[in-house]
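Just so you know, we're using the working numbering here: the sequence shown kicks off at 137 and counts up by one.
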Amino acid sequence: MTDLPQILCIGSVLWDIIGRTPAPMRFGADQPGRITRLPGGVAMNIAMTLTRFGMTPVLLSAVGRDTQGVELLAQAERLGIDARHVYRSADLPTDRYMAIECATGLVAALADAHSLEAAGDKILAPLADGRLGNAEAPWSGPVALDGNLTTDLLAQIARSPLFAKADLRVAPASPGKAERLLPLLNHPKATLYVNLEEAGILCQTEFGSAREAAEGLARRGAKRALVTDGGRDAADMSEAGILTACPPEVLVTRVTGAGDTFMAAHLVAEYAGQTREDALSRALLAAARYVSGDIAT
């Protein structure tokens with residue numbers, strides 16, 4: 137493997153509170169299960185995966201100065217993540233995400249990323265003040281962006297000279313926030329990582345397969361996109377064409393964070409010099425191992 141670069145992970149860093157039951161659930165159901173709390177958020181999930189593959193992630197986010205924030209950043213440092221540049225707010229609480237998962241997948245979830253949204257472009261200060269770059273010498277490595285940032289901030293990033301040389305890897309935080317990525321849809325250096333539903337939202341239509349979604353994103357002006365569809369074929373669209381691959385069949389024990397694992401594994405594979413085909417296969421395998429529980433959180 138070649139030497140892997142540092143990567144910026146910009147977006148949500150919060151606590152995931154996940155309730156899981158092996159039983160199926162319907163609306164209003166009350167089932168026994170397990171409730172866990174662990175570091176999460178799209179940027180944090182990607183960073184945690186990147187450390188397992190040998191990359192050095194640098195977090196740019198907003199975390200409160202409350203006890204929750206202190207503990208969260210301490211966890212990040214213990215995992216080998218550089219959290220020195222995270223914006224610390226005395227007025228805003230540390231964000232949280234809450235989800236219920238059952239035997240058939242995600243039942244419901246709520247993402248409270250209001251502190252990240254309120255912090256706005258304060259989280260980008262290290263890219264302008266010389267700590268990680270400036271307008272004359274901008275960051276030139278990979279950047280993982282997530283859709284928990286506001287539409288205004290994502291639009292600012294799309295046109296900012298601070299990102300003029302960056303390799304932008306972009307993922308929505310959820311289908312409900314997919315439209316926030318529209319300012320980056322036509323960006324010449326952006327690679328979009330979306331699922332089938334999120335691709336449909338960006339294209340304002342419904343797709344029957346990942347290949348169809350990749351074709352639709354290309355028609356909308358996307359230069360590069362990867363589309364996943366659960367256990368069905370995933371697609372990688374670039375100027376070289378569209379290729380597809382089927383993920384391994386596994387028993388699904390969790391879903392929260394699977395897309396972030398896919399994105400991180402794909403990025404690492406590409407920076408290690410693997411072909412498009414091999415990078416897609418490696419990312420699908422990593423995501424499958426994650427949802428099966430083979431990779432610890």
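Cβ coordinates follow ideal geometry from the N, Cα and C atoms, glycine included.
Every value quoted in this text rests on a predicted model; they were computed, and no experiment measured them.
As the crow flies, the alpha-carbon of Leu252 is around 34 angstroms from that of Glu375. By the C-beta density criterion, Gly377 is exposed, having fewer than 16 other C-beta atoms within 10 angstroms. Across the set Ala394, Cys238, Ala350, Leu338, the C-alpha of Ala350 shows the shortest separation from the C-alpha of Thr380. Here Asp231 is not near Leu321, since their CB atoms are 8 angstroms or more apart.
If one requires a minimum length of 4 residues, the alpha helix (DSSP H) runs lying completely within the region 263 to 316 are 287 to 295, in chain order. By the neighbour-count criterion, in which a residue is buried when 16 or more other Cβ atoms sit within 10 angstroms of its Cβ, Gly336 is buried.
In this structure, Tyr426 sits near Ala394, with a CB-CB distance shorter than 8 angstroms. Looking only at Asp218, Leu209, Leu215, Arg201, the smallest Cα-Cα distance to Ala226 is reached by Arg201.
For the beta strand (DSSP E) assignment, the uninterrupted runs of no fewer than 3 residues enclosed by the region 362 to 430 are, from N- to C-terminal side, 368 to 374, 377 to 381. Pairing Pro262 with Leu208 gives a Cβ-Cβ distance that is not under 8 angstroms. When DSSP states are grouped into helix, strand and coil, Asp202 belongs to the coil group. Here the alpha carbons of Leu318 and Ala415 stand approximately 26 angstroms from one another. Distance from the Cα of Thr286 is smallest, within the candidate group Ala423, Val279, Leu298, Lys313, for Lys313. Residue environment analysis places Leu387 among the exposed positions, since fewer than 16 neighbouring C-beta atoms fall within 10 angstroms of its C-beta. Taking the CA atoms as reference points, Asp248 sits about 13 angstroms from Ala198. Where Glu237 is concerned, the enclosing beta strand (DSSP E) starts and stops at 232 to 238. Just measuring C-alpha positions, the residue of Thr172, His221, Met184 sitting nearest Asp265 is His221. Scanning Ala300, Lys258, Ile182 for the CA closest to the CA of Pro274 turns up Ala300. In terms of Cβ geometry, Leu260 and Leu196 form a close pair [threshold 8 angstroms]. The three-state secondary structure of Thr192, taken from DSSP, is strand. For Ile337, the enclosing alpha helix (DSSP H) begins and ends at 332 to 339. For a cut-off of 8 angstroms, the C-beta gap from Leu228 to Ala254 is around 6 angstroms, short enough to register as a contact. By the beta-carbon neighbour count (other beta carbons within 10 angstroms, threshold 16), Leu246 is exposed. Per DSSP, reduced to three states, the secondary structure at Ser251 is helical. Non-local beta-carbon contacts of Gly169 in its own chain, meaning distances under 6 angstroms to residues more than five positions away in sequence, involve Gly155, Arg156, Thr157 in chain order. Rounded to the nearest angstrom, the gap between the Cα atoms of Leu338 and Asn181 is 23 angstroms. With contacts defined as CB atoms closer than 8 angstroms, Asp369 and Leu362 fail to qualify as a contacting pair.
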